[in-house]
Amino acid sequence: MSRSVRHAPAPVRANPAAGPRPRRVLCLCLWVLLLGTAPAWAADLAVSEVAPGVYLHQGAQEETAPGNAGHIANLGFIVGDARVAVIDTGGTYAQGLALRAAVRRVTDLPIAYVVLTHVHPDHVLGAAAFEPDGPEFIGHANLPDALARRGEFYRERAAADLGEAAAGTRVLVPQSVVTATRELDLGGRTLELRAHPTAHTNNDLSILDRASGTLWASDLLFVDRVPAIDGSLLGWLGVLDDLERGGARRLVPGHGPVPADWHAAIAAQRRYLQSIAAGVRAVLRRRGTLEEAVAEVGLDESGRWLLFDDYHRRNVTAAFVELEWE
Ligand SMILES: [Zn+2]
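Each residue of the sequence shown is one higher than the last, beginning at 17 in the numbering used here.
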């Protein structure tokens, strides 16, 4: 625990713009009366301290669905002596509010920064919940464009998938961007943000907490859950090498638990990506088709990853399109 962290639970600030709207409060009260429990989207967001002052909420290893209310990504915050940086904000406005309340259970220091690690909705759609704190919202230099192209689609899909749990969700575009690196001073603690070349997406940002040696890799590292290629297979392999050279003591993935041996976790992801590259190249060499590649490449990895059937074919398709012209 950082020496600056205050343990007394502090309420979320009494800003009417920040709290649940009356209809949602009424809805929640009825729900609790009828069922005796709060719905998933209104439940407290559990965090664990994975390093001194570094707090992680681990999302469910599932696709977004009403049962998990979109709580599927890893989110968290890092507490310095003077300020707090939030890292990712969840898949809905309600989850952003829950993360904000989790920060307030730990410290009443100001939330000065909200870092959005990449465009995917499970990481960014809760950002508006932090607006009352007036933080600097920060993302990769390519993030505003990616949000402009996809943000509204993501918001509509969250509303369709989650209904009331997605109430109030809207897209927030960061006003500050990182093109290479940037440091954030939390007071006695410096975070180093790094904008990566295209890998998981074309807008991946990682956060290194120098004080604890924690590298918040977000979706540059998937643990147990199959990685999803939305950027570049070959680029991602290169970025994995960069992460390994960074000398971190621990890595926080975007999905799954903090690995006891992060080198092994990177090795597993590298093996998966390399098996797709090798398989797709073999199909291309014999002038095979995309359909053939999807039907045969990388299937020996199927028992090793959660959600394999949901993403693997898409990954092979993305790899085929990328490697077709190399
Ligand atoms: Zn992602």
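Just so you know, even glycine gets a beta-carbon here, dropped at the ideal spot from N, CA and C.
Tell me the DSSP secondary structure of residue i in three-state form.
{"i": "P160", "result": "helix"}
{"i": "W431", "result": "Residue 431 lies beyond the residue range present for the chain, which begins at 17 and ends at 342; the question has no answer from this structure."}
{"i": "T108", "result": "coil"}
{"i": "I282", "result": "helix"}
{"i": "I103", "result": "strand"}
{"i": "I292", "result": "helix"}
{"i": "W232", "result": "strand"}
{"i": "G304", "result": "coil"}
{"i": "T80", "result": "coil"}
{"i": "R210", "result": "strand"}
{"i": "T197", "result": "strand"}
{"i": "R241", "result": "strand"}
{"i": "G270", "result": "strand"}
{"i": "D138", "result": "helix"}
{"i": "E312", "result": "helix"}
{"i": "G254", "result": "helix"}
{"i": "V187", "result": "coil"}
{"i": "H87", "result": "coil"}
{"i": "E168", "result": "helix"}
{"i": "H73", "result": "strand"}
{"i": "V337", "result": "helix"}
{"i": "L259", "result": "helix"}
Can you grab the Cα-Cα spacing for the pair residue i / residue j, in whole Å?
{"i": "R261", "j": "G179", "result": "43 Å"}
{"i": "Y109", "j": "G304", "result": "45 Å"}
{"i": "S291", "j": "R241", "result": "16 Å"}
{"i": "V66", "j": "V122", "result": "14 Å"}
{"i": "H87", "j": "R210", "result": "25 Å"}
{"i": "R330", "j": "I245", "result": "8 Å"}
{"i": "V189", "j": "A143", "result": "9 Å"}
{"i": "A227", "j": "V193", "result": "23 Å"}
{"i": "E312", "j": "L289", "result": "15 Å"}
{"i": "E208", "j": "A101", "result": "12 Å"}
{"i": "V187", "j": "V140", "result": "8 Å"}
{"i": "A298", "j": "G251", "result": "19 Å"}
{"i": "V310", "j": "Q111", "result": "35 Å"}
{"i": "V332", "j": "A118", "result": "38 Å"}
{"i": "A81", "j": "R198", "result": "35 Å"}
{"i": "P243", "j": "I154", "result": "24 Å"}
{"i": "D326", "j": "A280", "result": "24 Å"}
{"i": "Y71", "j": "L306", "result": "43 Å"}
{"i": "H212", "j": "L237", "result": "13 Å"}
{"i": "V28", "j": "E147", "result": "The predicted model places V28 with a pLDDT of 32, which falls under 50 and marks its position as unreliable; any figure quoted below should be read in that light. Cα-Cα distance, rounded: 13 Å."}
{"i": "P160", "j": "E172", "result": "18 Å"}
{"i": "G35", "j": "A334", "result": "Low confidence applies to G35: its pLDDT is 39, below 50, so where it sits in the model is not reliable, and the reading given next is rough at best. Approximately 41 Å, taken between the alpha carbons."}
{"i": "E340", "j": "L300", "result": "7 Å"}
{"i": "V274", "j": "G319", "result": "21 Å"}
{"i": "A233", "j": "L259", "result": "8 Å"}
{"i": "E400", "j": "D177", "result": "This structure leaves residue 400 out entirely; the chain is present only between 17 and 342."}
{"i": "Q77", "j": "L322", "result": "7 Å"}
{"i": "A283", "j": "P137", "result": "27 Å"}
{"i": "R286", "j": "V296", "result": "15 Å"}
Got a sec: does ligand 1 put a non-hydrogen atom nearer than 7 Å to the Cβ of residue i?
{"i": "G262", "result": "no"}
{"i": "G179", "result": "no"}
{"i": "H134", "result": "yes"}
{"i": "D326", "result": "no"}
{"i": "A244", "result": "yes"}
{"i": "G251", "result": "no"}
{"i": "H212", "result": "no"}
{"i": "D235", "result": "yes"}
{"i": "H216", "result": "yes"}
{"i": "H139", "result": "yes"}
{"i": "G270", "result": "yes"}
Can you have a look at residue i and say buried or exposed, based on whether 16 or more other CB atoms are within 10 angstroms of its CB?
{"i": "D277", "result": "exposed"}
{"i": "Q191", "result": "exposed"}
{"i": "G150", "result": "exposed"}
{"i": "L231", "result": "buried"}
{"i": "G263", "result": "exposed"}
{"i": "G92", "result": "buried"}
{"i": "V387", "result": "Limits of the chain in this structure are 17 at one end and 342 at the other, which puts residue 387 out of reach."}
{"i": "G107", "result": "buried"}
{"i": "F169", "result": "exposed"}
{"i": "L315", "result": "exposed"}
{"i": "A182", "result": "buried"}
{"i": "A162", "result": "buried"}
{"i": "D60", "result": "exposed"}
{"i": "E317", "result": "buried"}
{"i": "A164", "result": "exposed"}
{"i": "D257", "result": "exposed"}
With residue i and residue j assumed to form a contact (beta carbons below 8 Å), what rounded beta-carbon distance in angstroms separates them?
{"i": "H10", "j": "A62", "result": "Nothing about residue 10 can be reported from this structure: the residues present for the chain run from 17 to 342 only."}
{"i": "T348", "j": "A174", "result": "It is not possible to answer for residue 348, since the shown part of the chain is limited to 17 through 342."}
{"i": "G270", "j": "A89", "result": "6 Å"}
{"i": "S248", "j": "A215", "result": "6 Å"}
{"i": "R116", "j": "A145", "result": "5 Å"}
{"i": "V135", "j": "I103", "result": "Actually they are not in contact, since the Cβ atoms of V135 and I103 sit about 15 Å apart, beyond 8 Å."}
{"i": "G203", "j": "G69", "result": "Going by Cβ atoms, the distance from G203 to G69 rounds to 11 Å, so no, they are not a contact pair."}
For a cutoff of 8 Å on Cβ pairs, would you count residue i as touching chain D?
{"i": "R261", "result": "In summary, chain D is missing from the structure at hand, where a single protein chain is found."}
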